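What follows is a single structure, written as structure tokens, with notes after it.
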Amino acid sequence: MEKTSSPTPGTGSSAYLNALTLEIEKKLQRALASPTQRRNLLQELFADNALEVDDRARGIIFSREEDAISPVEDDADGQLCFFNLLADYYVRVPESGKQILHLILQLWSQSFASHIFFLLFHKWLFEAQLDNIEVLLRFSSALVQGATNVFWIDIQTNTRRLFHKWLFEAQLDNTEVLIRFSSALVQGATNVLWIDIQTNKRHFQSLFQYLLEEVALEPMRLNRIPVQAQRELFLLLSRFILFYNSVDKIDSFLKKFPIFPNAFLVGGPADFFVIELADQLLKLKVEPVLLHYLSQIKVLQGMELRMTTSTRLKACLYSFTSPGGPMYPTRAVRHAAWDALDLLFPVGRYPRHFISLFFRLLYPWYWPSSCWNFIISCIKAVFYSLLGLLFSSRDKLREPKNC
Numbered sequence: 208m209e210k211t212s213s214p215t216p217g218t219g220s221s222a223y224l225n226a227l228t229l230e231i232e233k234k235l236q237r238a239l240a241s242p243t244q245r246r247n248l249l250q251e252l253f254a255d256n257a258l259e260v261d262d263r264a265r266g267i268i269f270s271r272e273e274d275a276i277s278p279v280e281d282d283a284d285g286q287l288c289f290f291n292l293l294a295d296y297y298v299r300v301p302e303s304g305k306q307i308l309h310l311i312l313q314l315w316s317q318s319f320a321s322h323i324f325f326l327l328f329h330k331w332l333f334e335a336q337l338d339n340i341e342v343l344l345r346f347s348s349a350l351v352q353g354a355t356n357v358f359w360i361d362i363q364t365n366t367r368r369l370f371h372k373w374l375f376e377a378q379l380d381n382t383e384v385l386i387r388f389s390s391a392l393v394q395g396a397t398n399v400l401w402i403d404i405q406t407n408k409r410h411f412q413s414l415f416q417y418l419l420e421e422v423a424l425e426p427m428r429l430n431r432i433p434v435q436a437q438r439e440l441f442l443l444l445s446r447f448i449l450f451y452n453s454v455d456k457i458d459s460f461l462k463k464f465p466i467f468p469n470a471f472l473v474g475g476p477a478d479f480f481v482i483e484l485a486d487q488l489l490k491l492k493v494e495p496v497l498l499h500y501l502s503q504i505k506v507l508q509g510m511e512l513r514m515t516t517s518t519r520l521k522a523c524l525y526s527f528t529s530p531g532g533p534m535y536p537t538r539a540v541r542h543a544a545w546d547a548l549d550l551l552f553p554v555g556r557y558p559r560h561f562i563s564l565f566f567r568l569l570y571p572w573y574w575p576s577s578c579w580n581f582i583i584s585c586i587k588a589v590f591y592s593l594l595g596l597l598f599s600s601r602d603k604l605r606e607p608k609n610c
């Protein structure tokens with residue numbers, strides 16, 4: 208995005224955001240006019256909008272007394288990106304985003320266009336006061352056309368962040384439109400959140416927190432989308448709730464869980480939650496992320512699960528305890544998986560370890576490293592024991608003097 212000249216001190220934050228909107232429109236128009244540079248331009252546009260707001264821009268936006276954006280919108284980590292500001296701006300001033308929507312629809316076959324759409328308008332549908340539904344019908348028609356090919360783009364392409372508030376706050380009476388946009392939101396959110404998983408970053412934490420705290424846990428907003436979309440949203444949040452350190456919200460989250468038609472076969476909310484979590488674990492390939500999940504999974508202790516769900520989780524964790532295929536876990540992951548397995552399923556702990564040791568004998572190429580790590584562990588244990596004895600003896604020698 209080309210740099211915009213900062214507004215004069217008295218113009219207010221809306222003038223600054225309006226200038227950003229004009230720059231977005233210009234870049235979209237350039238992308239539309241230049242097929243050869245289209246992908247690069249859209250990728251640059253995404254990257255620019257995903258940047259953190261610098262100090263100069265913060266001073267312009269937050270120093271205004273009138274129509275300034277509240278600092279509360281800054282996320283928990285203190286990171287505020289341009290897409291956060293623009294998503295709120297298009298809720299407050301829906302007319303400002305219409306031209307962008309029109310241009311994005313013309314570029315809909317480009318993957319970056321769909322990602323930009325999702326990030327910029329993810330609140331608008333549930334907050335803006337809209338009277339004209341015909342425009343949304345045209346937008347939804349274009350969205351459905353390219354949704355299949357657009358939303359499952361490579362999760363490592365850094366390309367989506369701006370329209371996530373639009374979906375949850377506009378007043379829509381057409382159920383078909385809501386279903387289409389809601390489905391698009393869930394698919395797009397899945398791709399966006401997977402970027403954080405792959406990079407072990409939390410750039411989109413504000414987006415996740417909005418979906419969890421302001422949509423899933425708020426009946427007023429949640430009930431504005433169809434039941435099927437509610438189910439998809441809760442399944443999505445179940446997969447990422449541990450990654451974004453929201454374990455304290457799990458109890459409230461499970462209480463709001465929608466009813467599934469196959470609940471009599473699968474079980475209650477806890478069963479659906481654990482099944483999604485187990486499937487997520489099997490898809491993770493980034494070691495720090497996997498270790499984080501395994502360290503957070505202790506929150507499942509004490510949950511009432513059906514036997515089939517419990518067995519599924521146990522099999523999932525057990526698959527990370529052995530070296531080699533198909534998971535090829537590192538030593539750290541294997542130990543974390545054992546700790547989680549022993550904590551959640553203490554019954555049968557020792558037989559499991561004995562069986563695991565027996566199968567380890569089938570992998571002779573792991574013996575040297577296992578022996579070496581065993582020796583190192585023993586040395587550390589002896590060293591720490593000696594330190595403990597030394598300090599305890601010193602404390603005992605000091606006791607008579609104190610008396």
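When we follow the working numbering, the leftmost residue of the sequence shown carries the number 208, and every step to the right adds one.
Don't be surprised by glycine CBs; every beta carbon is placed ideally from N, CA and C.
Predicted model, so just to flag it, every value in this text is computed and none were measured.
Nearest-angstrom beta carbon gap, L551 and Q508 [assumed within contact, 8 Å]:
Walking along the sequence shown from the start, residue 508 turns up at place 301. Walking along the sequence shown from the start, residue 551 turns up at place 344. Confirmed, about 6 Å.
Which one or two residues does DSSP pair with C288 in a beta bridge?
What you label residue 288 is simply residue 81 of the sequence shown in a count that begins at 1. DSSP lists E259 as partners of C288.
Cβ distance (whole Å) where L449 is taken to contact V393 below 8 Å:
Here residue 449 refers to the residue found at position 242 of the sequence shown. Here residue 393 refers to the residue found at position 186 of the sequence shown. The Cβ separation is near 19 Å, so there is no contact.
Mark C585 as exposed unless 16 or more other C-beta atoms lie within 10 angstroms of its C-beta, in which case mark it buried.
Your numbering for residue 585 matches position 378 in the sequence shown. Exposed, because fewer than 16 other Cβ atoms sit within 10 Å of the Cβ of C585.
Quick check on Q412: buried or exposed, where buried means 16 or more other Cβ atoms within 10 Å of its Cβ?
Taking the first residue of the sequence shown as position 1, residue 412 is located at position 205. Classification for Q412: buried.
Simplified DSSP assignment, three categories, for H322
Numbered from its first residue, the sequence shown carries residue 322 at position 115. Of the three classes helix, strand and coil, the one that applies to H322 here is helix, per DSSP.
For the stretch 453-463 against the stretch 491-500, are there 3 or more C-beta pairs whose distance is under 8 Å?
By the Cβ test, the stretch 453-463 is not in contact with the stretch 491-500, since fewer than three Cβ pairs between them sit closer than 8 Å.
Name the DSSP bridge partner or partners of H499?
Numbered from its first residue, the sequence shown carries residue 499 at position 292. Answer is none; H499 lacks a bridge partner.
Quick one: using the 10 Å Cβ neighbour count with 16 as the cut-off for buried, is M427 buried or exposed?
As a first step, residue 427 must be located in the sequence shown, where it is residue number 220. Exposed is the call here.
Give the DSSP-derived three-state secondary structure of H410 in the structure shown.
Within the sequence shown, the letter at position 203 stands for residue 410. Taken through DSSP and simplified to helix, strand or coil, H410 comes out as coil.
Given P476, which residues of its chain have a CB within under 6 Å of its CB, disregarding the five upstream and five downstream residues?
Walking along the sequence shown from the start, residue 476 turns up at place 269. A distance below 6 Å between beta-carbons, with the five flanking residues on each side excluded, links P476 to the following residues of its chain, in chain order: L461, F464.
Neighbourhood of D455 by C-beta, 7 Å cutoff - its chain only, sequence neighbours within 5 removed:
Taking the sequence shown and counting its residues from 1, the one referred to as residue 455 is at position 248. No residues qualify anywhere along the chain.
State the Cα-Cα distance for the pair L520 and L491, rounded to the nearest angstrom.
Residue mapping note: residue 520 aligns to position 313 of the sequence shown, counting from 1. Residue mapping note: residue 491 aligns to position 284 of the sequence shown, counting from 1. Cα to Cα, the separation comes out at about 15 Å.
Terminal residues of the continuous alpha helix (DSSP H) containing W545?
As a first step, residue 545 is located in the sequence shown; it is residue number 338 there, counting from the start. For W545, the uninterrupted alpha helix (DSSP H) segment begins and ends at 538-551.
Ignore the nearest five residues each way along the sequence and tell me which others in A470's own chain have a CB closer than 7 Å to its CB.
For this step, residue 470 is matched to residue 263 along the sequence shown. For A470, where only same-chain residues beyond five positions count, there are no Cβ hits under 7 Å.
Can you check which of these residues, L472, F325, E494, Q416, is closest to I404 by C-alpha distance?
For the purposes of this step, residue 404 is identified with residue 197 of the sequence shown, where counting begins at 1. The candidate whose alpha carbon is nearest that of I404 is E494.
Keeping to the same chain, check which residues put their C-beta closer than 7 Å to that of F346; ignore five residues upstream and five downstream.
The count along the sequence shown starts at 1 and reaches residue 346 at position 139. Here F346 scores only 48 on pLDDT, less than 50, and its place in the model should not be relied on; the value that follows carries that caveat. Closer than 7 Å at Cβ, skipping near neighbours: L308, L312.
Span of the alpha helix (DSSP H) holding A485?
The residue labelled residue 485 in the question sits at position 278 within the sequence shown. Where A485 is concerned, the enclosing alpha helix (DSSP H) starts and stops at 476-490.
Using 8 Å for Cβ pairs, my map puts A396 next to L418. What's the rounded Cβ distance?
Locating residue 396 in the sequence shown gives position 189, where the first residue counts as 1. Locating residue 418 in the sequence shown gives position 211, where the first residue counts as 1. At roughly 7 Å, the Cβ-Cβ gap stays under 8 Å, so A396 and L418 are in contact.
In terms of alpha-carbon separation, which member of Y296, L224, L235, A294 lies closest to I267?
As a working mapping, residue 267 is identified with position 60 in the sequence shown. Checking every option, the nearest Cα to that of I267 belongs to L224.
Could you say which of K234, Y525, F269, M534 lies nearest to A547 if we only look at CA atoms?
Locating residue 547 in the sequence shown gives position 340, counting from the first residue. The shortest C-alpha to C-alpha distance from A547 to any of K234, Y525, F269, M534 is the one to Y525.
So K521 is in the alpha helix (DSSP H); what residue range does that whole segment cover?
The residue you call residue 521 lines up with position 314 of the sequence shown. If you look at K521, you'll find it in the alpha helix (DSSP H) that goes 514-525.
Straight-line Cα distance separating S529 from T518
Against the sequence shown, residue 518 aligns to sequence position 311. Against the sequence shown, residue 529 aligns to sequence position 322. Cα to Cα, the separation comes out at about 18 Å.
Nearest to L310 by alpha carbon, out of L249, F269, A264, L512?
The sequence position of residue 310 within the sequence shown is 103, counting from 1. Closest by C-alpha distance to L310, out of L249, F269, A264, L512, is L249.
Counting only the same chain and skipping the five closest in sequence on each side, list residues whose C-beta sits under 7 Å from that of T516.
As a working mapping, residue 516 is identified with position 309 in the sequence shown. Within the same chain, G474, D478, V481, I482 come within 7 Å of T516 by CB-CB distance, once the 5 residues on both sides are set aside.
Quick one: measure Cβ to Cβ for L293 and N256, integer angstroms, because I've assumed they're closer than 8 Å.
As a working mapping, residue 293 is identified with position 86 in the sequence shown. As a working mapping, residue 256 is identified with position 49 in the sequence shown. That belief holds up - the Cβ atoms of L293 and N256 are roughly 7 Å apart, short of 8 Å.
Going by Cα to Cα distance, which pick from Q437, I466, L444, F253 is closest to A414?
To locate residue 414, count along the sequence shown from 1; it is residue 207. According to the sequence displayed, residue 414 carries Leu and not Ala. For the residues Q437, I466, L444, F253, the minimum Cα distance to L414 belongs to L444.
C523 and L488 closer than 9 Å at C-beta:
Looking up residue 523 in the sequence shown gives position 316. Looking up residue 488 in the sequence shown gives position 281. The answer is yes: Cβ separation under 9 Å.
Candidates M514, V589, V496, L227: closest to A543 by CA position
On the sequence shown, residue 543 is found 336 positions in, with the first residue counted as 1. The closest CA to that of A543, considering only M514, V589, V496, L227, is found on V496.
Taking the alpha helix (DSSP H) that M427 belongs to, which residues open and close that run?
Here the question's residue 427 lines up with position 220 in the sequence shown. Its alpha helix (DSSP H) spans residues 426-429.
For N247, name the three-state secondary structure that DSSP assigns.
By one-based count along the sequence shown, residue 247 stands at place 40. The answer is helix: DSSP assigns N247 an H, G or I state.
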